[in-house]
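A.B. asks:
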Amino acid sequence: DQQVKQNSPSLSVQEGRISILNCDYTNSMFDYFLWYKKYPAEGPTFLISISSIKDKNEDGRFTVFLNKSAKHLSLHIVPSQPGDSAVYFCAADAGGTSYGKLTFGQGTILTVHP
Amino acid sequence: GAGVSQTPSNKVTEKGKYVELRCDPISGHTALYWYRQSLGQGPEFLIYFQGTGAADDSGLPNDRFFAVRPEGSVSTLKIQRTERGDSAVYLCASSSRGGKGSPLHFGNGTRLTVT
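Taken in order, these protein sequences are the chains called A and B. One point on numbering: in our numbering, the residue at position 12 of the first sequence is 12, and numbering is uninterrupted. One point on numbering: in our numbering, the residue at position 3 of the second sequence is 1003, and numbering is uninterrupted.
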């Protein structure tokens, strides 16, 4: 069963506009969430994270929102740039003694057009 | 500084053969992870090392898969009697201590193709 889901396989936006990537999860034990970005032939790169005790975390152009009651999180990129074009993965950590044991979504391909 | 290094970048092997995949983590990182990414999917956890010991190997799919980290630095993922379903990108990651505030740094992966 897919405990972390990214239901949009792809997203296309114009440069300068907002990109919103969505992620849903089912496991109530998840208490830490991360977004990773991946370019072709490279490994995923950490972008931003949020703890379940918060509902928002911001870092420059990137903001992650968490809605625990809906088991939903989103990544906002404002303004979007062509260099943001990549695959974005949502990931969740259930904690315990195995930090870093992440459950990933399937990814969303973001294309930002000049 | 140097990131996580994985070798080889590509490996083609015949069904039934044995393969070893190597990971050089970032210097000083005590936590090391192996993940596997199949086409169209996100990475899936395989095993986690803290130092030399495997703290969590619950993601290894079966006993054909084994990983070691004898000196707490370089790790090797070993796959015996490879099957076509083992074809995937194998990703290694390291972090400074393995805690939630310590994000994973991934290598570029080894693409394994079993023919």
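Using N, Cα and C, we set each Cβ at its ideal position, and we do this for glycine too. All values derive from a computational prediction rather than experimental measurement.
What in chain B is Cβ-close to residue 41 of chain A, meaning under 7 Å?
C.D. replies: 1108
A.B. asks: Looking at residue 89 of chain A and residue 104 of chain A, is the spacing between their C-beta atoms short of 8 Å?
C.D. replies: yes
A.B. asks: Of the residues B:1071, B:1009, B:1044 and B:1087, which one's Cα is nearest the Cα of residue 1058 of chain B?
C.D. replies: B:1044
A.B. asks: Kindly indicate which three-state DSSP category residue 1022 of chain B falls into: helix, strand or coil?
C.D. replies: strand
A.B. asks: Name, please, each residue of chain A whose Cβ falls closer than 7 Å to the Cβ of residue 1031 of chain B.
C.D. replies: Contacts between residue 1031 of chain B and chain A, judged by CB atoms closer than 7 Å, involve 100 in chain order.
A.B. asks: Run down chain B in chain order and give the residues with a C-beta less than 8 Å from the C-beta of residue 106 of chain A.
C.D. replies: Here the neighbours are 1040, 1041 and 1042.
A.B. asks: What's the gap between the Cα of residue 25 of chain A and the Cα of residue 1024 of chain B?
C.D. replies: 32 Å
A.B. asks: By Cβ distance below 8 Å, which residues in the same chain neighbour residue 1071 of chain B in space, the five residues on each side in sequence not counted?
C.D. replies: 1052
A.B. asks: Can you name the residues of chain A whose CB is closer than 8 Å to the CB of residue 1095 of chain B?
C.D. replies: 100
A.B. asks: For residue 112 of chain A, write down the residues that DSSP places opposite it in a beta bridge.
C.D. replies: A:13
A.B. asks: Hey, is residue 55 of chain A's beta-carbon within less than 8 Å of any beta-carbon in chain B?
C.D. replies: no
A.B. asks: Short check: CB of residue 8 of chain A to CB of residue 80 of chain A, under 8 Å?
C.D. replies: no
A.B. asks: Pair every Cβ in the segment 1077-1084 of chain B with every Cβ in the segment 1012-1026 of chain B, then say whether three or more of these pairs are closer than 8 Å.
C.D. replies: yes
A.B. asks: Could you work out which residue in B:1028, B:1073, B:1035 and B:1005 is closest to residue 1065 of chain B when comparing CA atoms only?
C.D. replies: B:1035
A.B. asks: Count the other C-beta atoms from every protein chain shown that fall within 10 angstroms of the C-beta of residue 1089 of chain B, then say buried if there are 16 or more, exposed otherwise.
C.D. replies: Taking a 10 Å sphere around the C-beta of residue 1089 of chain B, we find 16 or more other C-beta atoms and assign the residue as buried.
A.B. asks: Output yes if chain A places a C-beta closer than 8 Å to the C-beta of residue 1063 of chain B; else output no.
C.D. replies: no
A.B. asks: How far does the beta strand (DSSP E) with residue 22 of chain A in it reach, from first residue to last?
C.D. replies: 19-25
A.B. asks: Answer with buried or exposed for residue 1006 of chain B, where buried requires no fewer than 16 other C-beta atoms within 10 angstroms of its C-beta.
C.D. replies: In the assembly as shown, residue 1006 of chain B is a buried residue. Its beta-carbon has 16 or more other beta-carbons within 10 Å.
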